[in-house]
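In our numbering, the protein residues as written are 146 to 567.
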Ligand SMILES: [Zn+2]
């Protein structure tokens, strides 16, 4: 255990040849998704005339600690530029889940009313509203301009990248913090050491830090290779997480699987080493071992399934194109960029992607493949024979909604294996 004390978790930018948690050089290749642009760098019409940056997107697995990770770190200011177009508050199921996270933490730890609770990567303040509903004081830290939406909505938010420096300022201005959350951003952080030292400074004794990240078991089970993109540096399972937190003086005391983003893991880490852990955590650790996620076979299977899904989609869309009826896409989550770039789907095969009217992505073009993102009204007007559901990880509620709004097209669900919903 002592040798982990010296490992830095503040990553160098660019190619990395060591494991992001344990620094081992024994990294085994899982899948190479090619050189592709950052998934949320959507382009304006003018930018289509300019050069476009691409970065390697390769997945490896650490033979020593089991962490699944990519081996190229794109500078955070390239990925999370001020005009980053993502908003959690426009996906109703996500709003419900995020706000229940806040409520659950307050109940589980009996946090007294009026305590300070924080969210890092707080986006439009959706999760913090759940804390407000429980009578807590709240503070968000958000790097992009989405912070302004939260502030206008009455959620106190600092626009910054979180780290030790910001933690000092917060500590001086607001005092100790009872609970800190980091949902769907913890796996994005390249300055993890800086972040965890900052969290340690802010949390009061017995305070809890709660993360939610894509869960490796779900990624493998449903072949979510499209959830791999440059923002996601790590694809967590529990063993590497426990090891990471230990170095910063935290005990992972509980964990649970949750449905967010196609399957995530919520992990509770309490300040202080050697704290008692839940049966639920031990059960999950046994499940991970049973499923073989620390062995090769699971990853060979995953790669084969991903390649097959890619070829099936190409074949289907090519046939439709040859019949003169190319299929549009539905929904433009970050993952659609990996799916379409890896599968080489261009505007000839997919003439447009339909997004709901409230989306910040309308009028822009998908990076790499340059498919235009348009208002979903076009889909309802045209009623194409087939359309590809790119936000397939929310298939059921989205298809129900599209049907209720009158869409008659047959819907192609590209993963875990290509299938058609009439
Ligand atoms: Zn490792």
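Idealized CB from N, CA, C, for every residue including glycine.
Residues near residue i in its chain [Cβ-Cβ closer than 6 Å; skip 5 each side]
i	result
residue 561	367 and 368
residue 265	286, 307 and 327
residue 93	The structure shown does not extend to residue 93, since the chain is modelled only from 146 to 567, so the question has no answer here.
residue 370	451
residue 276	247, 262 and 283
residue 494	462, 466 and 471
residue 199	180, 181 and 182
residue 491	514
residue 333	376
residue 549	none
residue 547	none
residue 288	225 and 306
residue 484	371
Bridge-paired residues (DSSP) for residue i
i	result
residue 336	155
residue 411	357 and 401
residue 262	283 and 324
residue 101	Absent from the model: residue 101. The displayed extent of the chain is 146 to 567, so no value can be given.
residue 474	498 and 533
residue 188	510
residue 520	500
residue 464	Paired residue(s): none; residue 464 is not in a bridge.
residue 380	213
residue 416	395
residue 218	159
Neighbourhood of residue i by C-beta, 7 Å cutoff - its chain only, sequence neighbours within 5 removed
i	result
residue 279	247, 248 and 251
residue 386	397 and 412
residue 506	187, 230, 477, 500 and 518
residue 338	153, 154 and 155
residue 220	158
residue 106	Missing from the structure shown is residue 106; the chain here goes from 146 to 567 and no further.
residue 177	203
residue 300	270, 273, 274, 283 and 285
residue 319	261 and 284
Cβ-based neighbour list, residue i, same chain, cut-off 8 Å, excluding 5 preceding and 5 following
i	result
residue 563	454, 457, 458, 461 and 557
residue 347	263, 312, 315, 316, 321, 322 and 325
residue 390	341, 396, 397 and 414
residue 148	A caution first: residue 148 carries a pLDDT of 45, below 50, which makes its placement in the model unreliable, though a value can still be read off. Around residue 148: no qualifying Cβ.
residue 256	250, 262, 279, 281, 323 and 324
residue 345	393, 394, 395 and 416
residue 384	210, 211, 430, 433 and 439
residue 240	233, 234 and 271
residue 479	184, 185, 231, 374 and 376
residue 146	Reliability fails at residue 146, whose pLDDT of 40 lies under 50, so the model's placement of it is uncertain and no value is given.
residue 543	475, 476, 534 and 536
residue 121	Any answer about residue 121 is impossible in this case: the structure gives the chain only from 146 up to 567.
residue 259	280, 281 and 282
Residue i: first and last residue of the uninterrupted beta strand (DSSP E) it sits in
i	result
residue 358	348–359
residue 402	395–403
residue 193	That residue, residue 193, is in no beta strand (DSSP E); it is neither H nor E in DSSP.
residue 558	555–558
residue 178	172–181
residue 206	200–207
residue 213	213–215
residue 291	Looking at the DSSP string, residue 291 is not in any beta strand (DSSP E); the run it does join, the alpha helix (DSSP H), is 291–297.
residue 566	564–566
residue 302	302–304
Test: residue i CB closer than 7 Å to a CB of chain C
i	result
residue 167	Among the chains of the structure shown, chain C does not appear; only one protein chain is present.
Endpoints, alpha helix (DSSP H) assigned at residue i
i	result
residue 276	271–278
residue 319	309–319
residue 392	383–392
residue 162	First-last for residue 162: undefined, no H or E at that position.
residue 540	540–549
residue 480	480–487
residue 221	221–224
Is it the case that the stretch 506–519 contacts the stretch 530–538, given that we only count it when at least three CB pairs across the two stretches are under 8 Å? no
At least three beta-carbon pairs within less than 8 Å, the stretch 173–191 to the stretch 201–219: yes
With a threshold of 8 Å, are at least 3 pairs of Cβ atoms found where one atom belongs to the stretch 437–449 and the other to the stretch 520–528? no
Alpha helix (DSSP H) runs wholly inside the stretch 430–457, at least 4 long, in chain order: none
Examine the Cβ distances between the stretch 376–384 and the stretch 345–360 and report whether three or more of them are shorter than 8 Å. yes
Segment contact, 8 Å Cβ cut-off, at least three pairs: the stretch 421–433 with the stretch 399–412: yes
Taking 6 Å as the limit, tell me which residues put their C-beta closer than that to any heavy atom of ligand 3, in chain order. Because ligand 3 does not appear in the structure shown, any question about it cannot be addressed here, the ligands present being ligand 1.
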